[in-house]
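Notes follow the structure.
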DNA sequence: GTTCGCATGTAAAGAGTTACATGATTGT
DNA sequence: ACAATCATGTAACTCTTTACATGCGAAC
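Spelled out as structure tokens, the structure:
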């Protein structure tokens, strides 16, 4: 079975959610996957084109009232199979996540403590903002989307974000003290 | 002030640690930064070349006994300044870390529970292995490098890795239960 | 008429990995 | 001879972002 990149699989997956056009896919990502997956239009449209070439999806032109025409993509049987195969494969290996703050902290060891503290406090602040963003989204889901079929999975991914962010904040506190 | 990419800054930083050649830089990364920063030779050598062109570093050929010749790089005043400027700048924004497991879990909502469980258990296993790796490195530092000037900072970065990994493991457990 | 949201797309630049090529020196 | 380690480098490829270009329809 031919291999595709993760962006292709992501778009294949999104096409199962009744998102049909490039524009809609972008919106879906920005609304639902934003905290662990981003894709730009520069990837979306070329990938959609490729999906059709590879016969993983078909195109249908659709005209709408009060809005410009758009192209709707539908998974083919082959497309569904390719997606399923990918879903069944576990992670090959954990990716290394680059962390600019850790890098700076490391090289800041001959710098002033003040500098490192500033770095860490700023990082902590950004993490706290992120945490609050997660909480806000979570509340929104609980209030308005509780019976949406995706709600459960949104909450899983948000929970991941919250837990990891919380751990990072705790590390900031501990490191600020230990400096 | 001209901007460079993070790889350039990372190498600039490593050059302050008495690593002088491309080969040595690669070793340093693999030994010390491996869990939050990776660079391949395909980046290192072209970047070093560029450092000299930009007058951020100078080259000195060095012959060694019993080993092939090598090129030693030394930061110029300009190089030190560029590094310092970068170190002083806080994160522009938190990067989005792609997470393939979350993506699959999300799209697996119409898949079988068995499939999602398999995915999560495998992920948890990999995280636990990583955690143990961190603990092993930590012990090694405590035993052999306790008075190395970098030891404190190695431990900070390891602590970060451990905390975040631990949080991810806890999420796996919680999500496996909630599925 | 202009701004906003919807909609599709491409070109160029930048970032990064992988695979390959080369060669010195040491030890077996 | 040979493998291992030390050492430097490049070319091709893949992936991603950014900036730009275009145009429809609605509302003000």
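Chains as they are written, first to last, in the UniProt record's numbering: chain R, 1 to 179; chain P, 1 to 179. The C-beta atom is built at its ideal place from N, Cα and C for all residues, glycine as well.
By the DSSP assignment, the alpha helix (DSSP H) with residue 126(R) in it spans what residues?
As a first step, residue 126(R) is located in the first chain; it is residue number 126 there, counting from the start. First-last of the alpha helix (DSSP H) with residue 126(R): 113-144.
Can you name the start and end residues of the beta strand (DSSP E) that residue 104(R) belongs to?
Here residue 104(R) is taken as the residue at index 104 of the first chain, counted from 1. Residue 104(R) -> not in any beta strand (DSSP E); alpha helix (DSSP H) instead, spanning 100-107.
Quick one: which chain R residues come within Cβ less than 7 Å of residue 167(P)?
Walking along the second chain from the start, residue 167(P) turns up at place 167. Residues of chain R whose Cβ lies closer than 7 Å to the Cβ of residue 167(P) are, in chain order, 163, 164, 166, 167.
Does DSSP put residue 46(P) in a helix, in a strand, or in coil?
In the second chain, the residue the question calls residue 46(P) occupies position 46. Three-state result, residue 46(P): helix.
From which residue to which residue does the alpha helix (DSSP H) around residue 180(P) run?
Nothing can be reported for residue 180(P): it is not among the residues displayed for chain P, which extend from 1 to 179.
List, from N- to C-terminal side, the beta strand (DSSP E) runs of 3 residues or more that fit wholly inside the segment 19-98 of chain R.
57-64, 67-75
Cross-chain neighbours of residue 105(P) in chain R, by beta carbon under 8 Å
As a working mapping, residue 105(P) is identified with position 105 in the second chain. By Cβ distance, chain R contributes 153, 156, 157.
Cα-Cα separation, residue 32(P) to residue 76(R)
Position 32 of the second chain, counted from the first residue, corresponds to residue 32(P). Position 76 of the first chain, counted from the first residue, corresponds to residue 76(R). Near 47 Å, if we compare the C-alpha coordinates of residue 76(R) and residue 32(P).
How big is the Cα-Cα spacing for residue 30(P) and residue 38(P)?
Mapped onto the second chain, residue 30(P) falls at position 30. Mapped onto the second chain, residue 38(P) falls at position 38. Between residue 30(P) and residue 38(P), the C-alpha separation is close to 7 Å.
Given residue 4(P) as reference, the closest of 56(P), 19(P), 141(P) once Cα atoms are compared:
Residue numbering aside, residue 4(P) sits at position 4 when the second chain is read from its first letter. Here the closest residue by C-alpha is 56(P).
Going along chain R, which residues have a C-beta under 7 Å from residue 99(P)?
Here residue 99(P) refers to the residue found at position 99 of the second chain. In chain order, 36 make up the part of chain R whose C-beta sits under 7 Å from the C-beta of residue 99(P).
Beta carbon of residue 171(R) nearer than 9 Å to that of residue 160(P):
By one-based count along the first chain, residue 171(R) stands at place 171. By one-based count along the second chain, residue 160(P) stands at place 160. Yes, the pair counts as a contact, with Cβ atoms nearer than the cut-off.
List, in order along the chain, the chain R residues whose C-beta lies closer than 9 Å to that of residue 175(P)?
Residue numbering aside, residue 175(P) sits at position 175 when the second chain is read from its first letter. Result: 156, 159, 160.
If you count every other CB in all the chains shown that lies within 10 Å of the CB of residue 108(R), and 16 or more means buried, which is it?
Position 108 of the first chain, counting from 1, holds the residue named residue 108(R). Residue 108(R) should be labelled buried.
So is residue 74(P) buried or exposed if we call it buried at 16+ other beta carbons inside 10 Å?
As a working mapping, residue 74(P) is identified with position 74 in the second chain. Exposed is the call here.
Between 54(R), 49(R), 51(R), 23(R), which lies nearest to residue 40(R) when the distance is taken from Cα to Cα?
As a first step, residue 40(R) must be located in the first chain, where it is residue number 40. The candidate whose alpha carbon is nearest that of residue 40(R) is 23(R).
Do we get a CB-CB distance below 9 Å when we pair residue 6(P) with the residues of chain R?
In the second chain, residue 6(P) corresponds to position 6, counting from 1. So yes, residue 6(P) belongs to the interface.
Once you ignore the five residues that flank residue 138(R) on each side, which residues in its own chain have a CB closer than 6 Å to its CB?
Within the first chain, residue 138(R) is the residue found at index 138, counting from 1. For residue 138(R), where only same-chain residues beyond five positions count, the Cβ hits under 6 Å are 158.
Between which two residues does the alpha helix (DSSP H) harbouring residue 179(P) extend?
Sequence index remark: in the second chain, residue 179(P) carries index 179 (1-based). No alpha helix (DSSP H) holds residue 179(P); DSSP gives it neither H nor E.
Are residue 119(P) and residue 105(P) close, meaning C-beta to C-beta below 9 Å?
In the second chain, residue 119(P) corresponds to position 119, counting from 1. In the second chain, residue 105(P) corresponds to position 105, counting from 1. Yes. Within cutoff.
If the cut-off is 7 Å on Cβ atoms, which residues from the segment 50-84 of chain R count as contacting chain P, listed in chain order?
none
Between the C-alpha atoms of residue 100(R) and residue 91(P), what's the straight-line distance to the nearest angstrom?
To locate residue 100(R), count along the first chain from 1; it is residue 100. To locate residue 91(P), count along the second chain from 1; it is residue 91. Their Cα atoms are separated by approximately 7 Å.
Assuming residue 141(R) contacts residue 130(R) under a Cβ cut-off of 8 Å, what Cβ separation, rounded to an integer in Å, is found between them?
Your numbering for residue 141(R) matches position 141 in the first chain. Your numbering for residue 130(R) matches position 130 in the first chain. In fact, because the Cβ distance is near 17 Å, the residues do not count as touching under 8 Å.
Buried versus exposed, by CB contacts within 10 Å (16 or more), residue 47(R)
Position 47 of the first chain, counted from the start, is the residue given in the question as residue 47(R). Buried: at least 16 other Cβ atoms inside 10 Å.
Mind pulling the chain R residues with CB within less than 8 Å of residue 16(P)?
Locating residue 16(P) in the second chain gives position 16, where the first residue counts as 1. Here the neighbours are 107, 110.
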